[in-house]
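Engineer: Start counting the sequence shown at 816; every next residue gets the next number (the numbering used here).
Every residue gets a Cβ at the ideal spot worked out from N, C-alpha and C, and that includes glycine.
Got a structure for you, written out below as structure tokens; questions coming shortly.
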Amino acid sequence: MHTTRNPRFGIASMITLAALVGPLAAVPASAQTTASSRSIAATCPEGEVPPAGFTDVSAENVHSKAIDCLRHRGLTAGVGRNLYLPAGTVDRGQMAAFVARLLRDAGVKFPAEPVDAFADDEGSVHEADINALAAVGLVRGTDTNAYHPHGEVTRGQLATLLVGAMEHALDLVLTTEGDHFEDDNGSVHEVSINKAGAAGVVTGFDDGTYRVNGEVARDQMASFALGALDLVVSRPGWERAVDLIEDCRVKSASQSHSLVVTLILKDGGTHTTTEPYRDAVFDEITKADHCPPLESIAIE
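Okay, here's the thing in structure tokens:
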């Protein structure tokens, strides 16, 4: 997957309310979703994150590590009484809060006093986050100036918002190769689903479907949000990789099935980078023709 600069800060990924409040299919929330294929090591390093302690989140839940990470980073406190409600569904106001917190955690700055973008979220605990996202063009309402904060969110809508958020934070356009799921063909969210799928941010179900109109469960949201955050905070690793390549300090390179590229340095050290920079690393190696050829390039 290659990346290109986006001078419009992801505005092409803005979602209209018509797309956000389309009909919902009666699809069960979380039961058979698979774990994210993206590592969250940059966000929550292995061994450094204590259990969240939510009594209703089993260690067997494929999203449990993401939930632990969310609490560790202060992005969720659960719903009280040491509960997280992993199978509970996410509404549009909660989705806005999740994404706004994610972006702030990644260092994105919002206007200090954004305009009041919508008339129907007055008094909502999520109003400030909704207005913050609207201020940077990530959500829009209808001609009636409504956001519908209590409306349900589909998995397709969430993919579109997360891709817009990642593109805004990174100031680039995520692109993808191939069609990751057959059951989203023709959906207005298909491009975003494929982008997020290529980056390992979203995954499907055991049967290979994405269920674009299915509801979003709170445990799924944890994995999706953490995958997006990990992609954003991996940016410094990419910039460091470019410096190492341009300075001819790389001896060899290898790519693993986990979408991680490891650069073996001439001084004996290593440096890793992940999606969306995987293919871009090899492009940079090719362009560095002022350096001696690498001893080896291994792609598993």
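What's the C-alpha gap between Ile-1114 and His-1086?
Structural biologist: Working through the sequence shown from its first residue, we reach residue 1114 at position 299. Working through the sequence shown from its first residue, we reach residue 1086 at position 271. About 16 Å.
Engineer: Tell me the rounded alpha-carbon separation between Gln-972 and Thr-870.
Structural biologist: Indexing the sequence shown from 1 puts residue 972 at position 157. Indexing the sequence shown from 1 puts residue 870 at position 55. C-alpha separation (whole angstroms): 29 Å.
Engineer: Alpha carbons only, please: which of Ala-961, Asp-1082, Arg-1050, Ser-854 is nearest the one belonging to Met-981?
Structural biologist: Numbered from its first residue, the sequence shown carries residue 981 at position 166. When only C-alpha atoms are compared, the closest one is Arg-1050.
Engineer: Is the separation between the beta-carbon of Val-968 and that of Arg-1064 shorter than 8 Å?
Structural biologist: As a working mapping, residue 968 is identified with position 153 in the sequence shown. As a working mapping, residue 1064 is identified with position 249 in the sequence shown. Result no, Cβ atoms of Val-968 and Arg-1064 do not sit closer than 8 Å.
Engineer: So, with DSSP's three-state summary, where would you put Ala-1113?
Structural biologist: Along the sequence shown, one-based indexing puts residue 1113 at 298. Three-state DSSP puts Ala-1113 in a strand.
Engineer: What residue does the beta strand (DSSP E) around Ile-855 start on, and which one ends it?
Structural biologist: Taking the sequence shown and counting its residues from 1, one reaches residue 855 at position 40. Per DSSP, Ile-855 lies in no beta strand (DSSP E) and is assigned neither H nor E.
Engineer: Which one or two residues does DSSP pair with Thr-870 in a beta bridge?
Structural biologist: Stepping through the sequence shown from its first residue, residue 870 is reached at position 55. Per DSSP, none; premise fails for Thr-870.
Engineer: Using the three-state DSSP reduction, which class does Pro-1108 fall into: helix, strand or coil?
Structural biologist: Taking the first residue of the sequence shown as position 1, residue 1108 is located at position 293. In this structure, DSSP gives Pro-1108 a state outside helix and strand, which the three-state scheme calls coil.
Engineer: Residue range of the beta strand (DSSP E) that Thr-1077 falls in?
Structural biologist: Taking the first residue of the sequence shown as position 1, residue 1077 is located at position 262. It spans 1076-1080 - the beta strand (DSSP E) in which Thr-1077 sits, taken as one unbroken run.
Engineer: Tell me whether the segment 922-942 and the segment 887-904 touch, counting them as touching only if at least three CB pairs, one residue from each stretch, are closer than 8 Å.
Structural biologist: Touching, no, given that fewer than three Cβ pairs across the two stretches are closer than 8 Å.
Engineer: Report the option in Val-1047, Glu-1110, Pro-926 whose CA atom is closest to the CA atom of Gly-979.
Structural biologist: On the sequence shown, position 164 is the one that residue 979 refers to. Checking every option, the nearest Cα to that of Gly-979 belongs to Val-1047.
Engineer: For Thr-904, name the three-state secondary structure that DSSP assigns.
Structural biologist: Position 89 of the sequence shown, counted from the first residue, corresponds to residue 904. It is a strand residue.
Engineer: For Ala-932 versus Ala-912, is the C-beta distance shorter than 8 Å?
Structural biologist: Numbered from 1 along the sequence shown, position 117 holds the residue referred to as residue 932. Numbered from 1 along the sequence shown, position 97 holds the residue referred to as residue 912. For Ala-932 and Ala-912, no; Cβs fall outside 8 Å.
Engineer: Compare the Cα-Cα distances from Glu-861 to each of Val-872, Glu-875, Phe-996, Asp-883 and report the closest residue.
Structural biologist: Indexing the sequence shown from 1 puts residue 861 at position 46. Considering only alpha carbons, the answer is Asp-883.
Engineer: Can you tell which of Arg-888, Glu-1061, Ala-1040, Ile-1112 has its C-alpha closest to the C-alpha of Ala-914?
Structural biologist: Here residue 914 refers to the residue found at position 99 when the sequence shown is read from its first residue. Here the sequence assigns Val to residue 914, which means Ala is not the residue at that position. Out of Arg-888, Glu-1061, Ala-1040, Ile-1112, Ala-1040 has the C-alpha closest to the C-alpha of Val-914.
Engineer: Taking three-plus beta-carbon pairs below 8 Å as touching, is the segment 1016-1026 in contact with the segment 996-1007?
Structural biologist: yes
Engineer: Give me the DSSP bridge partner(s) of His-1086.
Structural biologist: Reading the sequence shown from its first residue, position 271 is the one you call residue 1086. Its beta-bridge partners are Leu-1078.
Engineer: Run through DSSP, which three-state label would Leu-1041 get?
Structural biologist: Locating residue 1041 in the sequence shown gives position 226, where the first residue counts as 1. DSSP places Leu-1041 in helix when its eight states are reduced to three.
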